[in-house]
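Undergrad:
Residue numbers (the working numbering): 31 to 142.
#1: In or out: residue 79 buried (at least 16 other Cβ within 10 Å) or exposed?
#2: Look up residue 91 in the DSSP assignment and give the residues it is bridged to.
#3: Go ahead and pull the three-state DSSP assignment for residue 99.
#4: Return helix, strand or coil for residue 52, following the three-state DSSP convention.
#5: With a 10 Å radius around its C-beta and 16 neighbouring C-beta atoms as the bar for buried, classify residue 77 as buried or exposed.
#6: Hey, is the segment 98-108 in contact with the segment 39-48, meaning 3+ C-beta pairs nearer than 8 Å?
#7: DSSP three-state label for residue 138, please.
#8: Can you give the Cα-Cα distance for residue 131 and residue 104, rounded to whole angstroms?
#9: With residue 121 as the anchor, note down where its alpha helix (DSSP H) starts and where it stops.
#10: If we ignore side chains and look at the alpha-carbon of each, how far apart do residue 92 and residue 124 end up?
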């Protein structure tokens with residue numbers, strides 16, 4: 031008796047899941063296509079560190095979620111653009127405003 035009850039519950043759950051999947055096959059998708067969306071200038075941003083203003087306080091290194099800023103003992107911070115998510119937290123936390131975010135193109139960022 032108990033086995034039949036559990037089989038009935040399991041079969042009922044399976045049929046419910048199949049029904050939900052079948053219904054959603056014919057609905058309009060909820061997600062948007064990203065091919066026609068204008069990409070913002072945010073993807074071209076570069077982070078510039080002014081070594082004259084930097085006091086090597088390590089706040090930028092500590093707050094960076096992707097660890098894209100590295101600061102070795104006695105040296106200036108090194109910025110790794112590949113890891114950066116452009117959250118601008120490093121620029122906000124810098125007490126001397128030594129870190130700025132520049133909206134330049136790839137050609138302009140090669141000059142730095």
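From the three backbone atoms N, C-alpha and C, an ideal C-beta is built for every residue, glycine too.
TA: Taking the coordinates as given:
#1: Here residue 79 is buried, its C-beta having at least 16 other C-beta atoms within 10 Å.
#2: Answer by DSSP bridge pairing: none, since residue 91 is not bridged.
#3: If DSSP states are grouped into helix, strand and coil, residue 99 belongs with the strands.
#4: Helix at residue 52.
#5: Counting C-beta atoms within 10 angstroms of its own C-beta, residue 77 has 16 or more neighbours from the protein chains shown and is therefore classed as buried.
#6: For the pair of segments examined, the segment 98-108 was found not to touch the segment 39-48: the number of CB pairs separated by less than 8 Å stays below three.
#7: At residue 138, the pLDDT of 44 sits below 50, so the modelled position is not reliable; the number obtained from the coordinates is stated separately. In this structure, residue 138 counts as helix in the three-state DSSP scheme.
#8: Looking at the two C-alpha atoms, the distance is approximately 24 Å.
#9: From DSSP, the alpha helix (DSSP H) with residue 121 extends over 119-123.
#10: Going from the Cα of residue 92 to the Cα of residue 124 covers about 11 Å.
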